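Enquirer: First the structure, then my questions, so here it is.
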Amino acid sequence: MADFEVSPEIQAFAKEAVWKDGRWMAIIVKAMFEKYGREAIDVLCQAFSKFGQEEGERYKKELGWAGREDEINVAVALRDIYANVHSHVGAAGMDIERIKFSENESESHVPFCFIHDSWKSVWPEGSKYMCEIISKAHDEGFMRGLNPKLEWTHHAEKKNPDGTVQEGLARGAKYCKMCLVLKKK
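Everything in the sequence shown is counted per the working numbering, starting at 26 for the first residue and increasing by one.
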């Protein structure tokens, strides 16, 4: 199921915009990684997490949710806020299969991600960093900005207890798994 239904014209425009954005980001991140190594990725993750949180707080205010954090559960965050803010990515052709969807938790599988493909076109071996920087760090921050009780997990970069990383599109799996949970405390 695709969350974003748009006209072919809008989809073509969004694809071009997301493709270009993904490529220039990959070029910058690749250059930083080549010069500074893993530290560059860590710094970018911190920056994107902070940016995501600020973005979440800003959209929460703009969309009338400021001061109502306790009302922002998983369903509200994904359906009413996040989908509207990031519809350009969906319009570009990101497929999202909802496996679970409730007020307290969701699980989604993403079998195709256009921005991942754009990174891969520039830096195939570094496309995994797109997930870590954007899908993980940014989206964790964004959800935290909406409601600190929301916990975002992008399993393509989630570490297992033994230190290995779970599979996702960037590592050749059939899909990336993303979860959002409303923590009790």
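Here a beta-carbon is modelled for each residue, glycine too, at the ideal position from N, C-alpha and C.
Keep in mind that this is a model prediction, so the values were computed, not measured.
Ignore the nearest five residues each way along the sequence and tell me which others in serine 152's own chain have a CB closer than 7 Å to its CB.
Expert: Here residue 152 corresponds to residue number 127 of the sequence shown, with the count starting at 1. Once the five neighbours on either side are set aside, the close Cβ partners of serine 152 are His141, Trp144, Lys145, Ala195.
Enquirer: Grouping DSSP H, G and I as helix and E and B as strand, with all else coil, what is serine 133?
Expert: Counting from one through the sequence shown, the residue named residue 133 turns up at place 108. Here serine 133 sits in strand by DSSP.
Enquirer: Quick one, are the C-beta atoms of alanine 100 and phenylalanine 73 less than 9 Å apart?
Expert: As a working mapping, residue 100 is identified with position 75 in the sequence shown. As a working mapping, residue 73 is identified with position 48 in the sequence shown. No.
Enquirer: Roughly how far, in whole angstroms, is the beta-carbon of glutamate 80 from the beta-carbon of glycine 170, given that I think they are within contact range, below 8 Å?
Expert: In the sequence shown, residue 80 corresponds to position 55, counting from 1. In the sequence shown, residue 170 corresponds to position 145, counting from 1. Sure, about 7 Å apart at Cβ, within 8 Å.
Enquirer: Just how far apart, CA to CA, sit asparagine 109 and tyrosine 84?
Expert: Counting from 1 along the sequence shown, the entry for residue 109 is found at position 84. Counting from 1 along the sequence shown, the entry for residue 84 is found at position 59. Rounded to the nearest angstrom, the two C-alpha atoms are 10 Å apart.
Enquirer: Less than 9 Å between the C-beta atoms of serine 133 and cysteine 204, yes or no?
Expert: Here residue 133 corresponds to residue number 108 of the sequence shown, with the count starting at 1. Here residue 204 corresponds to residue number 179 of the sequence shown, with the count starting at 1. Cβ distance < 9 Å, so serine 133 and cysteine 204 count as in contact.
Enquirer: In its own chain, which residues sit with a C-beta less than 6 Å from the C-beta of lysine 60, not counting the 5 before and 5 after it?
Expert: As a first step, residue 60 is located in the sequence shown; it is residue number 35 there, counting from the start. Closer than 6 Å at the Cβ level, and outside the excluded window around lysine 60, lies no residue.
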